[in-house]
Amino acid sequence: CPASLRKQWALELGEKFNLPCMIFDSREYRNAIKNGITSPLNNGSVVIISTHFASRMREEIRLIPWDLTVIDEAHKLRNVYRSSNKMGQAIKWALDGRIKLMLTATPLQNTLLELFGLSILINEHIFGDIKAFREQFTRSDGNIAELRNRLKFFCKRTLRKQVLEYIKYTNRRAITRPFTPTDD
Numbered sequence: 016c017p018a019s020l021r022k023q024w025a026l027e028l029g030e031k032f033n034l035p036c037m038i039f040d041s042r043e044y045r046n047a048i049k050n051g052i053t054s055p056l057n058n059g060s061v062v063i064i065s066t067h068f069a070s071r072m073r074e075e076i077r078l079i080p081w082d083l084t085v086i087d088e089a090h091k092l093r094n095v096y097r098s099s100n101k102m103g104q105a106i107k108w109a110l111d112g113r114i115k116l117m118l119t120a121t122p123l124q125n126t127l128l129e130l131f132g133l134s135i136l137i138n139e140h141i142f143g144d145i146k147a148f149r150e151q152f153t154r155s156d157g158n159i160a161e162l163r164n165r166l167k168f169f170c171k172r173t174l175r176k177q178v179l180e181y182i183k184y185t186n187r188r189a190i191t192r193p194f195t196p197t198d199d
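Heads up: the sequence shown begins at 16 in the numbering used here, then just goes up one per residue.
1. Decide if residue 95 is buried, meaning its Cβ has at least 16 other Cβ atoms within 10 Å, or exposed.
2. Who are the Cβ neighbours of residue 57 in its own chain at under 7 Å, not counting the five residues just before and after it?
3. Considering residue 102, what are the terminal residues of the alpha helix (DSSP H) in which it resides?
4. Would you kindly check if the distance between the Cβ of residue 70 and the Cβ of residue 18 is under 9 Å?
5. In chain order, what residues of the same chain lie with their CB nearer than 6 Å to the CB of residue 116, ignoring the 5 residues before and after it?
6. Secondary structure at residue 197, three-state DSSP: helix, strand or coil?
7. Are the region 118-125 and the region 143-155 in contact at 8 Å, needing three or more beta carbon pairs?
8. Can you list, in chain order, the residues of its chain whose CB lies under 6 Å from that of residue 77, leaving out five sequence neighbours each side?
9. For residue 191, name the three-state secondary structure that DSSP assigns.
10. Considering Cα atoms alone, identify which of 55, 134, 141 is closest to residue 90.
11. For residue 185, which option in 193, 175, 192 has the closest C-alpha, if you only look at C-alpha atoms?
12. Taking the continuous alpha helix (DSSP H) assigned at residue 22, which residues delimit it?
13. Helix, strand or coil, according to DSSP, for residue 118 in the structure here?
14. Helix, strand or coil for residue 131? Go by DSSP, reduced to three states.
15. Straight-line CA distance for residue 72 to residue 171?
16. Taking residue 107 and residue 136 to be in contact with their CB atoms under 8 Å, please state how far apart those CB atoms are, rounded to whole angstroms.
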């Protein structure tokens with residue numbers, strides 16, 4: 016997850032599911048090594064790290080037989096199909112063959128290639144290569160029914176209105192105030 020969400024994940028997993036968590040960043044990782052822990056990320060507990068740290072620790076992450084990897088704010092990795100996306104490429108490589116749950120509350124709106132990018136984090140064979148994906152789905156005569164059919168096996172979209180009975184959202188009201196600027 017992004018670094019700013021690590022603490023929130025640890026609190027939620029502890030409070031709601033009684034799952035103890037270890038949060039690692041570079042400093043905590045170095046301290047664990049100094050204290051004789053040879054593989055701090057492979058400690059048998061839930062490990063929470065930032066996406067940037069995961070990218071840097073790709074070699075060690077790849078060696079760990081994770082039961083499940085959760086990627087929060089997964090939309091930030093949507094351009095993983097581009098070779099210039101070093102962080103996304105590193106995470107994709109490190110988690111190859113691992114079970115992944117990718118979460119995002121940010122809708123993909125700009126291009127279907129973002130969807131392609133996220134799909135190859137799960138399995139790069141779902142849609143074939145980027146050329147095949149473009150030919151089949153992104154043209155004006157693209158086969159959207161087939162795209163939806165393939166998505167239903169690995170993509171679940173939940174709308175806000177579907178969870179209103181479980182989650183109480185804050186009602187937001189816009190308040191406007193008239194303002195007339197002066198030269199001063």
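Ideal Cβ placement from N, Cα and C applies to all residues, glycine included.
Treat the numbers as computed from the prediction; the structure is a model and nothing was measured.
Judging by the given coordinates:
1. buried
2. 79
3. 101-109
4. no
5. Annotation for residue 116: 85 place their beta carbon closer than 6 Å to its own, counting only its chain and skipping 5 residues before and after.
6. coil
7. no
8. 109
9. It is coil, neither helix nor strand.
10. 134
11. 175
12. It spans 21-32 - the alpha helix (DSSP H) in which residue 22 sits, taken as one unbroken run.
13. coil
14. helix
15. 29 Å
16. 6 Å
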